[in-house]
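Scroll down for the structure; my scribbles are underneath it.
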Amino acid sequence: MEFRKNDMVTLEIEDCGTDGEGIGKADGFTVFVKDAVIGDRVRAKIIKAKKHYGYGKLMEILRPSPYRVEPKCPIARQCGGCQLQALSYEKQLAFKEKKVRGNLERIGGFSALPMEPIIGMEEPYHYRNKAQFPVGKDKEGRIITGFYAGRTHTIIENRDCALGVPQNKEVLDRVLSYMEENRAEPYDEKTGKGLVRHILIRYGFFTGELMVCLIVNGKKLPKEEALVEKLREIPGMTSITLNVNEKKNNVILGEELRILWGQGYITDKIGDISYEISPLSFYQVNPIQTQKLYAKALEYADLKGGENVWDLYCGIGTISLFLAQKAGFVRGVEIVPQAIEDAKRNAARNGIENVEFFVGKAEEVLPREYEEHGVYADVIVVDPPRKGCDEKLLETILRMQPKRVVYVSCDSATLARDLKYLCGMGYELKRVCAVDQFGMTVHVETVVRLQRKHT
Numbered sequence: 001m002e003f004r005k006n007d008m009v010t011l012e013i014e015d016c017g018t019d020g021e022g023i024g025k026a027d028g029f030t031v032f033v034k035d036a037v038i039g040d041r042v043r044a045k046i047i048k049a050k051k052h053y054g055y056g057k058l059m060e061i062l063r064p065s066p067y068r069v070e071p072k073c074p075i076a077r078q079c080g081g082c083q084l085q086a087l088s089y090e091k092q093l094a095f096k097e098k099k100v101r102g103n104l105e106r107i108g109g110f111s112a113l114p115m116e117p118i119i120g121m122e123e124p125y126h127y128r129n130k131a132q133f134p135v136g137k138d139k140e141g142r143i144i145t146g147f148y149a150g151r152t153h154t155i156i157e158n159r160d161c162a163l164g165v166p167q168n169k170e171v172l173d174r175v176l177s178y179m180e181e182n183r184a185e186p187y188d189e190k191t192g193k194g195l196v197r198h199i200l201i202r203y204g205f206f207t208g209e210l211m212v213c214l215i216v217n218g219k220k221l222p223k224e225e226a227l228v229e230k231l232r233e234i235p236g237m238t239s240i241t242l243n244v245n246e247k248k249n250n251v252i253l254g255e256e257l258r259i260l261w262g263q264g265y266i267t268d269k270i271g272d273i274s275y276e277i278s279p280l281s282f283y284q285v286n287p288i289q290t291q292k293l294y295a296k297a298l299e300y301a302d303l304k305g306g307e308n309v310w311d312l313y314c315g316i317g318t319i320s321l322f323l324a325q326k327a328g329f330v331r332g333v334e335i336v337p338q339a340i341e342d343a344k345r346n347a348a349r350n351g352i353e354n355v356e357f358f359v360g361k362a363e364e365v366l367p368r369e370y371e372e373h374g375v376y377a378d379v380i381v382v383d384p385p386r387k388g389c390d391e392k393l394l395e396t397i398l399r400m401q402p403k404r405v406v407y408v409s410c411d412s413a414t415l416a417r418d419l420k421y422l423c424g425m426g427y428e429l430k431r432v433c434a435v436d437q438f439g440m441t442v443h444v445e446t447v448v449r450l451q452r453k454h455t
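To convert, note that position 172 of the sequence shown is 172 in UniProt numbering; the numbers rise steadily by one, no gaps.
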């Protein structure tokens, strides 16, 4: 049977797609339905039809899934931030583990996977230490903030995100009341006019320190001292800054930063290591799970104390400094100069001296240091962006022949592709563990250990 747009179908939802949408079949025709969860029986209206699959709009839940739960957030369906709030947390973990396993089997060609149980969160809400709220106006002209609806730049009003810290609401209430009182207009993406673009909030889970940064389309705010006065009253307030972004684009942060009050950074800890975090720093958004992720990476690295370790895509040195506690010497590589400055400062802050950091592309720095200076590695740790490792980098790893490779990945599809390459050239997959860093969303981190085969 051929299905067309506007056809109504009844579906048993059997699986979950990469964006959290429910997947069901009608006479062999696959339909992806947003807001449907595994185990639901639903009626859906087809809104887009291809030859073998289509997209449907959820019209009615005929029989709710045993895994369906009431979302904690009243606007979970409209907001683009969470995809899985209507699915029980246990089922979310099962879905993520299955997703990692499926990618490694299908793309990587692995069987009999050495997978350990997924490491879940004790509290899958209020775990984010960072939030960026766009500012705009509603139809009545009120100043609002919240999050963009899925795949749009329409702001869904929300000052109290269920994934963020409770302090966010207090900050937003005060910033918006300051804007109303002092006629600080929100930025309008369409016209390029207006002043306040975003409100960035960061919170130190282990220090209780709070940062507020206003991103503005200009050099200053009206009556800046009035804003500072309101925000200083919040317990833990440590840093109030202004970030200048006068470009007409979708990039949130500009390069110019000015301190309005306090210092330009907050501090926080992962394990025993303390970090300085500025508005521009890349820092893991879930510090509690990050500690578990890094502990697993350290376990997989199996360091005895004398090893030479390379940490590629090292950011502000978060994994490097963790590894340095057990390694002989660690070298970190990162393309962002600001991140390397942060990494060096964080090393000094913690009195860690057995580290060295390089600015550049990992796929260029590693071959250069290996070929020109004979720097080898016992263990290589990689934590690349979603697109995975550059092929030239994988080739260099193979030439250097480290005993172990620890791969930390935020995308199990590109992980599977890279593992297939490395395991086809002398390495074997020894251990795999998924870690849930982002409850209520479809994202999952994976850490694997590869061992060089003895030839």
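C-beta: ideal position from N, C-alpha, C; glycine also. None of these values were measured; they are calculated from a predicted model.
Taking the Cα positions, residue 111 is about 17 Å away from residue 434. Residue environment: residue 179 is assigned as buried (16 or more neighbouring CB atoms within 10 Å of its CB, all protein chains considered). With a 10 Å radius around the Cβ and a threshold of 16 neighbouring Cβ atoms, residue 401 comes out exposed. Between residue 75 and residue 23, the C-beta gap is not smaller than 7 Å, which leaves the two residues out of contact. By a beta-carbon distance limit of 8 Å, residue 323 does not contact residue 342. Their separation comes to about 17 Å.
Per DSSP, residue 154 lies in no beta strand (DSSP E) and is assigned neither H nor E. Using a Cβ-Cβ distance cut-off of 8 Å, the stretch 402 to 421 and the stretch 383 to 394 are in contact, since at least three pairs of beta carbons, one from each stretch, lie closer than that value.
The residues 316, 342, in chain order, have a CB closer than 6 Å to that of residue 281 in the same chain once the five nearest residues on each side in sequence are set aside.
The Cβ-Cβ distance between residue 171 and residue 195 does not fall below 7 Å. Just measuring C-alpha positions, the residue of 158, 143, 142, 141 sitting nearest residue 149 is 158.
Between the stretch 25 to 32 and the stretch 88 to 95 there are fewer than three inter-stretch CB-CB distances shorter than 8 Å, so the stretches are not counted as touching.
Per DSSP, residue 102 is one residue of the alpha helix (DSSP H) stretching across 89 to 106. Between residue 83 and residue 20, the C-beta spacing is below 7 Å.
Remark: three or more beta-carbon pairs, one from each stretch, lie closer than 8 Å, so the stretch 129 to 148 and the stretch 186 to 206 are flagged as touching. Counting C-beta pairs closer than 8 Å gives fewer than three between the stretch 228 to 240 and the stretch 295 to 304, which falls short of the contact rule.
For residue 318, the enclosing alpha helix (DSSP H) begins and ends at 318 to 324. When the alpha-carbon of residue 86 is set against those of 16, 44, 336, the nearest one is in 16. DSSP places residue 396 within a helical segment (H, G or I) once states are collapsed to three. Counting only residues of its own chain and dropping the five nearest sequence neighbours on each side, residue 283 has a CB closer than 6 Å to the CB of 277. Contact between the stretch 405 to 412 and the stretch 95 to 114 is present, with at least three C-beta pairs closer than 8 Å. 97 is the residue among 97, 439, 137 whose C-alpha sits nearest the C-alpha of residue 446. Judged by DSSP in its simplified three-state form, residue 170 adopts helix.
Fewer than three Cβ pairs drawn from the stretch 116 to 129 and the stretch 179 to 192 lie within less than 8 Å of each other, which leaves the two stretches out of contact. Looking at the DSSP output, residue 274 bridges to 269.
For residue 412, the secondary structure class from DSSP, reduced to helix, strand or coil, is helix. Ranked by Cα distance from residue 250, the first of 366, 328, 188 is 188.
Here DSSP, grouped into helix, strand and coil, assigns residue 74 to coil. In the same chain as residue 246, and ignoring 5 residues on each side of it, the C-beta atoms closer than 8 Å to its own belong to 217, 218, 254, in chain order.
Judged by DSSP secondary structure, residue 299 falls within the alpha helix (DSSP H) whose first and last residues are 287 to 301.
Under the 10 Å beta carbon count, residue 354 is surrounded by fewer than 16 other beta carbons and is classified as exposed.
About 5 Å separates the beta carbons of residue 289 and residue 437, which is inside the 8 Å limit, making them a contact pair.
Within the stretch 216 to 253, the complete alpha helix (DSSP H) segments at least 4 residues long are 224 to 232, listed from N- to C-terminus. Per the DSSP secondary-structure output, residue 443 pairs with nothing in a beta bridge. The residues 114, 116, 300, 448, 449, in chain order, have a CB closer than 8 Å to that of residue 431 in the same chain once the five nearest residues on each side in sequence are set aside. For residue 112, no alpha helix (DSSP H) run applies, since DSSP gives it neither H nor E. When 42, 383, 212, 295 are compared, the shortest CA-CA separation from residue 173 is found for 212.
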